[in-house]
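Numbering (the UniProt record's numbering), first residue to last: 1 to 781.
Worksheet for the structure shown next.
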């Protein structure tokens, strides 16, 4: 190698090393600058929005500056908008490194020529840099913008940069982002923009205040037409399409702030950190429900609110959620969420007990139950409608929501077992600390929530399975079995008015609405739960501060709301199409004819069949009549007697005797039975020469003073009547009930006395320690 070649090689190596050093130093400086002046993306306030399942905004939470911004992804924006935006603002967006030198030179020449800033030559990346790091429109500001632009292109992808623009571009007032503009101005998601609407919204960020279409529609139209001209010039859209769009006027939807399902939005945002929370709500149904609530508000007593939840039973998606009658009405505690509040459930748990009792073999649909005064230690329940009804079937007791038969059933099933089964299925009732479930639980002596009750009633819509509510589409469907499909089917048919069995060829294909009411103690809570072929509906009415409201009970105040909501669903083609679900009779459900009082099928002509009842039965099982405690040995069961040839009772060792079985009604039912069904008429007389052995029978409990069904009138000149009734026979202490309410009668509880002045019908009932009951009905005229 010559000396000259060596010198050239040496200097060449030094030049390469110098440029490599410059490159490394430049990269280090850029890295250091990026660390010292990072992109201020994390400093941008985050706005949150709760949407319906179709993307309709339900509720929004503005950022600290009160800006409305609905986060959106690139694939959620109409392709027409992206075409219009990139063609008009930045044709080479996907190709340039962040700045377009030709655009900058053109803008500089225009500004020098006009002596003012008329064009900035900004690419979309540069506009994003200005959005995240505002700067003055000066030469130094432009240099800062260019630096931020290169930083953006280095740190983020083109897609990310474009999404920042889609979410941050100004659209006038407090609107930012294409989604907020699309919903506010046009009432639709950005994915559904027409070409004309896309061209309009693409140009608004250039001068959002001057071009606002709600204030300056002509300016906005002229700006839109400039975008259309550019699209035609570059052959992005055909000239014919552009000419057709030019004929369209600027049409805007009525501007509305998203104000639907506020309490659901609060509930979800409290436990969710997503910027966009997509719910299962149907926006149309939610809006209709809140419009109905506005009408209900004027009919409610002061400070009374309403909670309603509508769930699609096949998916358990919550389609509408009304937490209060008016979110903005502080006088009605509008910000208290009745759907998630703990309240007394009243009688709404009864159908669940009847379903579990069917599975347990305690009852069939038409089994005999006793609606009579009962005492359980210090607990003496009564009926809501006052009075007692004597012998009732299980289906009748459930439909009429009678309390005493339900307590009798829970006593046999076990309150702890009942609540444990509910808890195992996901329905956890609330009790005071260190307190065990008691018989009062079935009458509302516990705490429950409307959303949990709707979950519990899903058992009647989902073949016995209790499923969790789904508030967001991403939540999985979770369910657990509570009762068998057959038990759920029978209870649903009973609640739907189809308690009487029918052959399959005449049986209705489904239950249009199975419903149950509930009223808590003191008229504090009114409930109505409904299950139709497609939806589960839960309704609560009451005062959120738990103050009693006289005359407020389930049938009077909650059922009208339930019916109106059900009519809303069945009257709409869009919702009604989901109600074609068939409800065939499960194979485990059969039909039989049973006999009262024993509760078993008997051959035709059997004298122990005192009353026949056609009944749904489960798994071919026909349980005997459920006896209350103390009745298992003799009262209300099939007893065996020894009868002689004369038809009289004798001792077992008497000559000419044979055994005979006789079914007797439980003694407490006798006041409601015809005379020929009383024990004294059904049991044969004793033979005087060979009487049966055993303890002397307890004397029957009698009431003396007035005859049954008497009509009483006060003496002339008096407005009231003094009533005194004596009891004879029976055993032990007495408990007196007037129209179903227990009345104290002083130290001598063998008689009852009171003064009555209010005209009407009365029922006086006495219960003794041997569970004997007698009743007098009379009228005060």
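Just so it is clear, CB atoms sit at the ideal spot from N, CA and C, and this is done for glycine as well.
| query | result |
| --- | --- |
| From residue 40 to residue 163, what distance separates their C-alpha atoms? | 16 Å |
| Tell me the start and end of each unbroken alpha helix (DSSP H) in the segment 272-305 that is at least 4 residues and wholly inside, in chain order. | 283-297 |
| Starting from residue 138 and walking both ways along the alpha helix (DSSP H), at which residues does that stretch end? | Neither: residue 138 is in no alpha helix (DSSP H) and is coded neither H nor E. |
| With a Cβ-Cβ cutoff of 8 Å, do residue 561 and residue 306 count as a contact? | yes |
| Looking only at its chain, what residues have a beta carbon closer than 6 Å to the beta carbon of residue 26, apart from the 5 residues adjacent to it on each side? | With a pLDDT of 49 at residue 26, under the threshold of 50, the predicted position of this residue should be treated as unreliable, and no value is reported. |
| According to DSSP, is residue 607 helix, strand or coil? | coil |
| Tell me whether the beta-carbon of residue 462 lies closer than 8 Å to the beta-carbon of residue 313. | yes |
| Tell me the DSSP secondary structure of residue 540 in three-state form. | strand |
| Give the list of continuous alpha helix (DSSP H) stretches no shorter than 4 residues that lie fully inside the segment 173-219. | 178-181, 195-203 |
| When burial is assigned at 16 or more other CB atoms within 10 Å of the CB, is residue 758 buried or exposed? | exposed |
| When you compare each of 59, 79, 285 to residue 573 by their alpha carbons, which one comes out closest? | 285 |
| Straight-line CA distance for residue 404 to residue 383? | 7 Å |
| Comparing C-alpha positions only, which one of 729, 714, 730 sits nearest to residue 723? | 714 |
| Suppose you measure from the CA of residue 548 to the CA of residue 321; what does that come to, to the nearest Å? | 25 Å |
| Helix, strand or coil: how does DSSP classify residue 742 here? | strand |
| Using a Cβ-Cβ cut-off of 7 Å (strictly less than) and excluding sequence neighbours within five positions of residue 739, which residues of its own chain qualify? | 386, 387, 762, 763 |
| Output the distance between the C-alpha atoms of residue 476 and residue 277, rounded to the nearest integer angstrom. | 16 Å |
| From residue 289 to residue 571, what does the alpha carbon distance come to, in whole angstroms? | 14 Å |
| Return the residue from the list 426, 591, 253, 340 that minimises the CA-CA distance to residue 367. | 591 |
| Just list the residues that DSSP pairs residue 269 with in beta bridges. | The partner list for residue 269 (beta bridge, DSSP) is empty, contrary to what the question assumes. |
| Identify every residue that forms a DSSP beta bridge with residue 752. | 725 |
| Within the continuous beta strand (DSSP E) that includes residue 762, where are the two ends? | 760-768 |
| Tell me the DSSP secondary structure of residue 309 in three-state form. | strand |
| My output table needs one value for residue 780: the three-state DSSP class, helix, strand or coil. | strand |
| Distance check for residue 528 and residue 508, CA to CA, integer angstroms please. | 23 Å |
| I need the DSSP call for residue 445, collapsed to helix, strand or coil. | coil |
| Our contact map puts residue 600 next to residue 624 with C-beta atoms below 8 Å; I'd like the distance itself, whole angstroms only. | 6 Å |
| Out of 251, 424, 152, 51, which one is the CA nearest neighbour of residue 264? | 51 |
| Looking at the secondary structure, which residues open and close the alpha helix (DSSP H) in which residue 244 lies? | 239-246 |
| So, does the segment 320-335 touch the segment 496-512, judging by three or more C-beta pairs under 8 Å? | no |
| Beta-carbon within less than 6 Å of residue 779's beta-carbon, same chain only, minus the 5 sequence neighbours each way: which residues are those? | 711, 761 |
| Label residue 670 either buried or exposed according to how many other C-beta atoms from any shown protein chain fall within 10 Å of its C-beta, with 16 as the threshold for buried. | buried |
| What is the DSSP secondary structure of residue 160, reduced to helix, strand or coil? | helix |
| Kindly indicate the opening and closing residues of the alpha helix (DSSP H) around residue 563. | 559-570 |
| Please go through the same chain and pick out, in chain order, the residues whose beta-carbon is closer than 7 Å to the beta-carbon of residue 457, but skip the five residues on each side of it. | 529, 531, 536 |
| Apart from the five residues just before and just after residue 72, which ones in its own chain have a Cβ nearer than 7 Å to its Cβ? | 166, 167, 177, 178, 179, 190 |
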